[in-house]
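Counting along the sequence shown from 1, when you hit position 542 you're at 542 in the UniProt record's numbering, and nothing is skipped either side. First comes the structure, then the notes that go with it.
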Amino acid sequence: MARRSTRRQTANPVSYRESSDSEAEEDFEHEEEEDYRASVTPRSTKRKSATKSSSASKKRKKSTTAKGSKKSLKQLEEELEENYLYKALSSNEANIQDIALDWIEEYEEDQLEDKYESITGLINFILRCCGSLHLFQPHDLSNLESCADTVDEIGIAFGEQSSHKYPFKAVPVFKKNALQLFKEIIDLAHEKGLLYKYDNDQEKEDEEDSLASPLMSYILTWVTSLSSSPIRPLRYTSTEILFAIQFQLCKIIKSVESSLERSQRQLSKIKKSNKSKYNTISKTIESCQLQKRTILEYFNDTGNIVIDRRYRDIDPQIRLACLKNLCEFILIYPDFFCQGIYLRYFGWLLSDPIAQVRIENTRSLLKLYRSISPADLTLGLRQFSEKYKLQIIKMSQIDTDTQVRLNIIGICCELLRLGFLEEGDTRQVVKNFPFSGPSKLQIEGAKFITILNEENLSGINDKYKLLLETYKPSQFEAELPVCLEIRSLISILKPVADKSLHLVFQNMSSRYESSWEILVKYFLSDISSMKFTKREEEEEEFVEGEEIEEFKQFIDLNSDDRLILLKFVEGFVEYIYTKKNAEEVESQLVRLTEYLSQIQNVCVRSSKMFPVFLITWTTLLKSHQSVYSISNKLDKLDQYDEISSEIIKYFKEFDTIDEFSSYFTALFDSHGLTTNIKLSIQTVLEELSEEVVKTIGDQQPEDDDVDSTNIELLEQTKLIKTVEVVSPILQKIKQMGDFVNIANLSNMADLLSSLVNRVLRKLDLALIMAQWKHNFVEQLPQFLRALTCLYDLTLVVISWKFEKLVEIEKDEQHHYAMDLEFDEIVNLVNQTIRLIYECTNSVQFLDLKTLLVSRYIDFVLSFKVFYVRFQADNGFDNFQEFFNNNMQLLLIKKDMQFQLLELFLIKEVRLGHLLNVELDRDDEEDVNYEDYTEKSNDSFLQDKSMFDDDAEDDPTSQPPAEGNSSIANQEVQAKKKEKIWNFEKDLSVYTLKLISLVNVSLVQDDLYNRIKLNKDKLGSVFSKIIQQQDEHANNIKNQAVANEEQDTEQSRMSENVQPTSVEDSNGNEVVERDESIAIEIDVPESEPMIDVETSSASVKV
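Take a look at the structure:
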């Protein structure tokens, strides 16, 4: 008699090493299987053919696992006598039920003759499913005690096979047929009683004796042994087959239990006097009980031998299969499988490193929770949920896979429905709302909030039900339920009030589509003025009381509550524009415009609410069915102009906010720029300019008692403070200057004169660095931001000036004198040159020097481009004289070129040190590495740029599973990567500016040769820039050669050749430049050009 311990002993655990036949865990999609070619001839499905397998198998050799000389793959294929099940199931039209019945009949014949042909064919079928050309012989399968050694031998032989087909994985139809075959065999075996061992002579069962029938003993023993093979295809295929068997057993045991319950009911109704029927039913009950115990034994064996070991298999597909099938087992037969011993596998694999496994895990859990009602909760599921709910909630925030997070949020919804989440848990789920995630995540997150709000609202309604039935409010009588719902929702969302709540409301707006006006009225309401009267009394006499006062306090809105409700309005507006019905959209917008003025009046009094209103207004402005077009149709342009003027007024009086950039973009791109708005903008710009001039001019002279040195230093400190004070105003002018020609402002000349003559001209960096260095370093970040605002504004002004001159017709150019147009700009360039020389190359002032040099390059490029474009043909007054007198606009002196190169070398040294590379240098360079590098105590220096293709291949880039030390090192590495990218970006941007100078011949070629000296050592971005520049230069040379050849050919064909050069005013010949070398001003119609680095208006290279 076979014992249960036999199967367990033969299924020894296997240790999987990285050097095994399997790939690394990360390679979820394996490439080991080849395309399966079903070239075999399908076996006839007629039952009479089943007898052929016995005679055919006798012709096989004694054992294919015996040791001997190795055969080639071709020899193995030629000598192989194909498995008849493999042939039959290769057909798409195979009748699986007939094939299974053939096999069952063959097995029954083998039992009578004590043969193993049918079992051998079935197990060999599994080997052929994996592509093995080495098969078992019948005598190999006769001894169950030695099955482990036999499987090891076949595994060794299979492992030495040079290649194999893998139809079970490569051909979905074949896999489906194979699994269905085993299901049909189990089903037929149940019908014929082959799954069970009936022994009438044995009254008492030995605990060690197995209830398994001979058929199941053979199948389970050999298939479980194959499931522990080191060969991955064998392991995967046999595991899937075992799960298919167990799946069918789950269905059978449900049927057995139904028969058992039915028989027990029948037995309870039969009198013992009817012995014949009583005995018959009693035997039926005993048979069903035996069947149930037997199947439960199969379940235990499969769980202990397969699931408990394969859930941690190195192959993620096997882990995935365990989770997927275990979920199906729980759904079919929860009485056995829905307990902690099986549910724990889902918890353990929540942190699986492979995303596909986590996806299947969370999908299965979601499917499981959705199938259960609160009344059907088992103890195992309760314990599992309580133990793992915090990890599940955390995964909704930190998991890197979108589908996993989507499933997790769905699980949170089910946990909430089943009552597992407490107040702290729900608050954390709300905090984890995917504000930056894809829309499908936000929809699922909004669903959770909706369910939570419904539960909270139920408690609120119960609390105030009696009050509302007794008293009638003077406001919102019919709409009070909606107000209570919104009040509850506001309370839920308070922990994330500072987030982009409009995304939450946008996905909930369909629920409030018919009642959104109530929400707006609620936002505008004054709850303190609400009165209550008794419903039963005819006379409306206001009543007061503690209960009424408590209710009023509950529904009253403070500023934070109104902010949340305003974000609801923002989300609802975005929701409206997602509708495809234009008439419906316009209808909603018409109703909304009636409230916009009132909403604005509330928002202008709050610095938190106004940005939200501005975003909403911008959305209404830039859409196809804009607020302007709606106002125009309703003849309400006065209201539109009034709201716009208030917005512009707010822009002037309060600190600038980022939302204004989007607003001005929408305003100037739409048709909503009315005459009144234009006047408001011009007025505000002039007032801002006057404010800057006045602030700079109000600098008070110092006392005469102070010595001259201190006076000079105090003047510098006051100058720095003045720049910081006016910088927000300059930023506002610049921000609007991106859309409006601020160069035409009546007081712009005064503004530029004040900035240049009363600020930059008086700024003495040499004095500051010599006598006030320490304090200046502390204030440098604020001063840098202020000075950046100053230069950005001047670049915008210069851009507008050049745009105006470029668009002027030649006949009108003589009305414009170059010296009058650019007098203050020339002074600005001169002062910038002076400040560059005064600013040292100290590490503390490197950012300041970078700013000055970068802006100097922008200025020089702008003038050079303009000069190249118009030098040959223009009518501007004093054009050549202006540039002859200001050669610093067209030429860069050698010592200034040295300043530019030195700054590059410093940036190069800093990045090279961080990348831990040895840089090539010219002999004459004098840059000390130690002065510009930072000491580092950690060993996580990067050898490459974070944007290199193989940067992600670093094994240390994967976060460690545990350990505070490893986490700390990971954080250090992340910071190092970020720092490397910042240095590389800084160097790359500066290199682009220097290359621009090279392309217009403002610097010597030696400078570019030095720039590209270390092109392969400073990261992929820098290398790409140099590569593109070299390709550009080569294209220019090739084009020049082609043009020269073409000109030569044309000169031979014609005697009259047009001159290819022009002369300047002094009669000097000027060679005509190639279009691809010269940098041209490309001016758009609506706005000036934008510089890549500073976002300031500038010329394009």
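Don't be surprised by glycine CBs; every beta carbon is placed ideally from N, CA and C. These figures come from a predicted structure and were not determined experimentally.
**Message:** Based on DSSP bridge pairs, tell me the residues matched to Ala817.
**Reply:** Asp877.
**Prompt:** Exposed or buried, Tyr732, counting other C-beta atoms within 10 Å across all chains shown (16 or more means buried)?
**Reply:** First, the amino acid is wrong: residue 732 is Lys here, not Tyr. Buried, since its Cβ has 16 or more Cβ neighbours within 10 Å.
**Prompt:** From Phe822, Pro473 and Tyr791, pick the residue whose C-alpha is nearest to that of Leu805; which is it?
**Reply:** The shortest Cα separation from Leu805 among Phe822, Pro473 and Tyr791 belongs to Phe822.
**Asked** Span of the alpha helix (DSSP H) holding Tyr342?
**Response** For Tyr342, the enclosing alpha helix (DSSP H) covers residues Gly340 to Trp348.
**Message:** Residues in the same chain with beta-carbon distance under 6 Å from Arg128, minus the five sequence neighbours each way, listed in chain order, please.
**Reply:** Hits under 6 Å: Asn83 and Tyr86.
**Asked** Taking Cβ positions, are Phe568 and Ser525 nearer each other than 9 Å?
**Response** Going by C-beta atoms, Phe568 is not nearer than 9 Å to Ser525.
**Asked** So Pro374 is in the alpha helix (DSSP H); what residue range does that whole segment cover?
**Response** Run containing Pro374: none; DSSP gives neither H nor E here.
**Asked** Going along the chain, which residues of its own chain have a beta-carbon closer than 7 Å to the beta-carbon of Val726, five neighbours each way excluded?
**Response** Apart from the 5 residues on each side of it in sequence, Val726 sits with its Cβ closer than 7 Å to the Cβ of Val692, Thr695 and Ile696 in its chain, given in chain order.
**Item:** Rounded straight-line distance, which links the Cα of Gln600 to that of Leu468
**Value:** About 32 Å.
**Message:** I'd like the span of the alpha helix (DSSP H) that includes Tyr107, first residue to last.
**Reply:** From DSSP, the alpha helix (DSSP H) with Tyr107 extends over Ile96 to Glu113.
**Request:** Please name the residue, chosen from Phe882, Gln831, Glu984 and Asp308, that lies closest to Ala817 on a Cα-to-Cα basis.
**Result:** Among Phe882, Gln831, Glu984 and Asp308, the Cα nearest to that of Ala817 belongs to Phe882.
**Request:** Would you identify the three-state DSSP class for Pro438, choosing helix, strand or coil?
**Result:** The DSSP-derived three-state label of Pro438 is coil.
**Message:** Comparing C-alpha positions only, which one of Phe174, Phe660 and Leu195 sits nearest to Met216?
**Reply:** Leu195 is the residue among Phe174, Phe660 and Leu195 whose C-alpha sits nearest the C-alpha of Met216.
**Prompt:** Using a Cβ-Cβ cut-off of 8 Å (strictly less than) and excluding sequence neighbours within five positions of Lys552, which residues of its own chain qualify?
**Reply:** So the list reads Ile527, Ser528 and Met530, once near-sequence residues are dropped.
**Message:** If I measure Cβ to Cβ from Thr362 and keep anything under 7 Å in the same chain, skipping five residues before and after, which residues do I get?
**Reply:** Counting only Cβ-Cβ distances below 7 Å, and skipping sequence neighbours, we find Val404, Asn407, Ile408 and Ile411.
**Request:** Sort Glu690, Ser255, Leu795 and Ser559 by Cα distance to Asn741 and report the nearest one.
**Result:** Taking each of Glu690, Ser255, Leu795 and Ser559 in turn and checking the Cα distance to Asn741, the smallest one comes out for Leu795.
**Request:** With DSSP collapsed to three states, give me the class of Pro233.
**Result:** Helix at Pro233.
**Request:** Please look up how many angstroms separate the CB atoms of Ile630 and Val590, rounded, as I've assumed it's under 8 Å.
**Result:** Ile630 to Val590, Cβ: 6 Å. Contact.
**Message:** Considering just the uninterrupted stretch of the beta strand (DSSP E) at Phe532, what are its terminal residues?
**Reply:** Under the DSSP assignment, Phe532 falls in the beta strand (DSSP E) whose first and last residues are Phe532 to Lys534.
**Item:** Gly672 versus Ile555: straight-line alpha-carbon distance, rounded
**Value:** Whole-angstrom Cα-Cα distance: 38 Å.
**Request:** To the nearest angstrom, report how far apart Leu331 and Ser670 are at their CA atoms.
**Result:** Counting only the Cα atoms, Ser670 lies some 58 Å from Leu331.
**Request:** Using the Cα positions of Asp110 and His190, report the straight-line distance between them to the nearest angstrom.
**Result:** When only Cα atoms are considered, Asp110 and His190 end up about 18 Å apart.
**Neighbour-count burial assignment, Arg235, 16 or more Cβ in a 10 Å radius** = So Arg235 ends up on the buried side.
**Prompt:** Rounded to a whole number of angstroms, what is the C-alpha to C-alpha distance between Ser132 and Gln161?
**Reply:** Rounded to whole angstroms, Ser132 and Gln161 show a C-alpha spacing of 8 Å.
**Prompt:** What is the residue span of the alpha helix (DSSP H) that Tyr86 lies within?
**Reply:** That run of the alpha helix (DSSP H) goes Tyr84 to Leu89.
**Message:** Suppose contacts are defined by Cβ-Cβ distances below 9 Å. Is Leu141 in contact with Ile123 by that definition?
**Reply:** In contact: Leu141 and Ile123 (Cβ atoms closer than 9 Å).
**Prompt:** If we call anything under 9 Å between Cβ atoms a contact, is Leu763 one with Gln844?
**Reply:** The answer is no: Cβ separation not under 9 Å.
**Message:** With the cut-off set at 9 Å, would you say Asn99 and Ala88 are in Cβ contact?
**Reply:** The residue you asked about is not Asn; residue 99 is Ile in the sequence shown. Taking the C-beta atoms as reference points, Ala88 is found nearer than 9 Å to Ile99.
**Request:** Mind checking which residues open and close the beta strand (DSSP E) that includes Ile472?
**Result:** The question names Ile, but residue 472 in the sequence shown is Lys. Segment Tyr471 to Pro473, the beta strand (DSSP E) holding Lys472.
**Length of the line joining the Cα atoms of Phe866 and Phe802** = Each residue's CA atom was taken as its position, placing Phe866 and Phe802 some 8 Å apart.
**Prompt:** Can you tell which of Glu513, Glu297 and Ser474 has the C-alpha that lies nearest to the C-alpha of Glu541?
**Reply:** The shortest C-alpha to C-alpha distance from Glu541 to any of Glu513, Glu297 and Ser474 is the one to Ser474.
**Message:** Can you look up Asp352 in the DSSP assignment and give me helix, strand or coil?
**Reply:** Coil.
**Asked** Between the C-alpha atoms of Val1003 and Leu914, what's the straight-line distance to the nearest angstrom?
**Response** Rounded to whole angstroms, the separation of the alpha carbons of Leu914 and Val1003 is 29 Å.
**Request:** Kindly indicate which three-state DSSP category Tyr311 falls into: helix, strand or coil?
**Result:** Correct three-state label for Tyr311: coil.
**Message:** Whole angstroms are fine: how far does the CA of Tyr166 sit from the CA of Pro233?
**Reply:** Rounded to the nearest angstrom, the two C-alpha atoms are 8 Å apart.
**Request:** Would you mind stating whether Ile393 and Asn432 have Cβ atoms separated by less than 9 Å?
**Result:** In this structure, Asn432 lies closer than 9 Å to Ile393 by Cβ.
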